[in-house]
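One structure below.
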Amino acid sequence: MWWLGCCIMALSTAVQGEEIFLEWHVKIDKTIMPMSVYQPVITINDLFPGPLINATTNDNVHVNIYNDMDEPLLMTWNGIQQRLNSWQDGVSGTNCPIRPGTNWTYVFQLKDQIGGFHYFPTLNFQRAGGGFGPIRINNQIVIDVPFPKPEQEFDLLIGDWFLVSYEGVWPVEDRGNKGGS
């Protein structure tokens, strides 16, 4: 009978998920040329696009973000269901911005979701300047998915770039002129 207790404990651990701790330093890099023109690009840990969050459904993710830029920052986790913590969704009005030189830890559970998602900054059109990256939520081994396992997995991120930096596009967009012209 002791083996039954061990199996139940192992299954319980698999269902609860792991704790994933990430530390990100978000800053501006002026040495990147996304449109063959040098412009400020938002990087995470010196990476552009940002690092992959690779997790399994029901994992708890802790992302400690240090804002090394000279402007406020908010990060949103697009498509991730923020159950019981919608105030951490990274949207202005529900979340206070991370001030320059400070940090904030987002904590959320990838509850009952599988698939590909992404994150990006949400203030002042910063998403047009980078700072985005992929989120991959894998299924648990004990739960089959209703489709064949893919041969290979990769993350495809599509974004718009302008000939001016995101700092210059935002005021133009705000005036109603589309496309930075």
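Numbering-wise, the sequence shown is residues -17 to -1, 1 to 164 according to mature numbering (1 follows the signal peptide of the UniProt record, and there is no 0). Note that CB positions come from ideal geometry on N, CA and C, so glycine has one too.
Which of helix, strand or coil DSSP assigns to residue i
| i | result |
| --- | --- |
| TYR149 | helix |
| SER69 | helix |
| GLY112 | helix |
| PRO96 | Looking at the sequence itself, residue 96 is Gln, so the reference to Pro does not match. It is coil, neither helix nor strand. |
| PHE130 | coil |
| THR88 | strand |
| SER19 | coil |
| TRP144 | coil |
| LEU139 | coil |
For residue i: DSSP bridge partner residues
| i | result |
| --- | --- |
| ALA38 | ILE120 |
| MET52 | None; MET52 has no bridge partner. |
| GLU2 | ASN43 |
| PHE103 | THR59 |
Burial state of residue i (16 or more Cβ within 10 Å)
| i | result |
| --- | --- |
| ASP72 | buried |
| VAL90 | exposed |
| SER(-6) | Because SER(-6) sits at a pLDDT of 48, beneath the cut-off of 50, its placement in the model cannot be relied upon, and the point is left open. |
For residue i, the nearest candidate out of the options (CA to CA)
| i | options | result |
| --- | --- | --- |
| HIS45 | GLN96, ILE124, TRP87 | TRP87 |
| GLU2 | GLN22, ASN37, SER19, LEU57 | ASN37 |
| MET18 | GLU150, ASP143, THR105, LYS94 | ASP143 |
| GLY62 | CYS79, PRO117, ASN47, ASN50 | PRO117 |
| GLY112 | ILE120, LEU30, SER69, LEU5 | LEU30 |
Bounding residues of the beta strand (DSSP E) (the contiguous stretch that carries residue i)
| i | result |
| --- | --- |
| ASN61 | 58 to 61 |
| ILE27 | 24 to 27 |
Any non-hydrogen atom of the ligand MG closer than 6 angstroms to residue i Cβ
| i | result |
| --- | --- |
| GLN109 | Judged by which ligands are present, the structure shown has none, so any question about the ligand MG falls away. |
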